[in-house]
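See structure below.
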Amino acid sequence: MAANPNNSYLSIGSQSKPPLSFAKNFSNGKFVMISFLEGIHPRITEYLHNPPYVPYTTVPRVPATATTVEIPEYYKPKDLKDWSVEDTTLVDLSGKCKRLLIMALPNDIFESLDHCETSMELWAELLRQVDGGAKTMKNNRTLCIDEYHDFKAKDGELLKETYARFNTLISKCRRSGVIRSKEDNNMLFLKSLGNEWLNFTMSMRATLDLETTSLADLYGTLAAQESVVLQMRRSIVGPLALVAEGSSVEGKEKEERKEERKKEERIPNSK
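Residue numbering for the sequence shown follows our numbering, beginning at 112 and increasing consecutively.
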């Protein structure tokens, strides 16, 4: 069977192929890349932040004698024949980590990173180039804070849609170092809902422990009441629409009467 070009491995990678979208949207892609690496081996991501693994052995202290000085305990690289199975695995992982990062990068980005000798150097330089420096990160953090505090449900939006957008925003904020407590997130989510939710949200703020309740549990409680809220919304919008329509008709009739009077005033008296 022919391969489907839309298969998920094209974006999230496989055991031999890293995520191809890694550098296209680096803010999200780096987390996909980390998840991919963790799928290779739970310890491979250590080499994004540490130098390559070198197996060492401890050389014991040699006490001083009448003719020699003391030699303190020290470490030296192991001979290859003395490597343990774990040593072999970790040495292989540190090299594999760099190879997989290189495979995930398009040529135009790798050309500015080919001077990096280790996966740690490669990852650090990639973060600097793509994520920007300290000033860029600070600006992104400020923008996330503003977006967080301005979050509101959209007109006509279903609860699940508001919930999905809010979770996406929380994730975006966390990537920029903006982390809020459960209580902050719960309070903002309740406040973000429309006026039709007011009775329910006020009741939840009074009865639920928003410091310990998860956002998912809060959403589940609200979702159970959504049909009631939607019915209330329709009952309110219906009469309002009729009132608006009636006002429009009444206004139109007034205009028509006004035009009729003007016409009558312009017609000369035939008597």
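Backbone N, C-alpha and C define an ideal beta-carbon position, used for all residues, glycine too. Being a predicted model, the structure only gives us computed values, none of them experimental.
Between residue i and residue j, which are expected to be in contact by the criterion C-beta below 8 Å, what is the C-beta distance as a whole number of angstroms?
i	j	result
Phe-147	Pro-163	The Cβ separation is near 20 Å, so there is no contact.
Met-144	Ala-215	6 Å
Phe-300	Val-340	About 15 Å separates the two Cβ atoms, so there is no contact after all.
Thr-168	Tyr-186	7 Å
Lys-209	Ile-155	Not really, about 10 Å apart at Cβ, beyond 8 Å.
His-152	Leu-204	6 Å
Glu-307	Leu-280	Wrong, their Cβ atoms sit about 22 Å apart, outside the cutoff.
In whole angstroms, what separates the C-alpha of residue i from that of residue j?
i	j	result
Met-248	Ser-287	7 Å
Arg-172	Lys-189	17 Å
Leu-224	Glu-157	20 Å
Phe-277	Leu-333	15 Å
His-160	Gln-240	16 Å
Lys-221	Ile-213	With the sequence shown as reference, residue 221 is identified as Phe, and Lys is not the correct amino acid for it. Looking at the two C-alpha atoms, the distance is approximately 7 Å.
His-226	Asn-250	29 Å
Thr-178	Glu-184	19 Å
Leu-309	Arg-291	23 Å
Lys-192	Pro-217	38 Å
Arg-285	Ser-346	40 Å
Ala-317	Asp-261	23 Å
Met-313	Leu-319	10 Å
Glu-232	Ala-327	39 Å
Val-170	Val-196	20 Å
Asp-266	Gly-331	21 Å
Residues in its own chain within less than 7 Å of residue i by CB, not counting five upstream and five downstream?
i	result
Gly-150	none
Gln-336	Phe-311
Lys-283	Cys-255
Ile-182	Arg-172 and Val-173
Ala-264	Thr-273, Ser-303, Leu-304 and Gly-305
Leu-270	Leu-333, Ala-334 and Glu-337
Arg-252	Ser-287, Gly-288 and Val-289
Thr-229	Pro-162, Pro-163 and Lys-209
Leu-238	none
Give me, in chain order, the residues of the same chain whose beta-carbon lies closer than 8 Å to that of residue i; leave out the 5 immediate sequence neighbours on both sides.
i	result
Thr-324	Lys-293 and Asn-297
Ala-175	Glu-181
Asp-219	none
Glu-322	Ser-292, Lys-293 and Glu-294
Leu-329	Asn-297, Phe-300, Leu-301, Met-315, Leu-319 and Leu-321
Phe-142	Arg-286
Val-416	Because the chain spans 112 through 382 in this model, residue 416 falls outside it and cannot be assessed.
Across which residues does DSSP place residue i in a beta bridge pair?
i	result
Pro-188	Tyr-167
Ile-182	Val-173
Only counting the same chain, and skipping five residues up and downstream in sequence, which positions put a Cβ closer than 6 Å to that of residue i?
i	result
Pro-166	Lys-189, Trp-194 and Asp-198
Met-343	Glu-307
Within the segment 289-318, ranges of the alpha helix (DSSP H) (whole runs, at least 4 residues): 293-303 and 309-318
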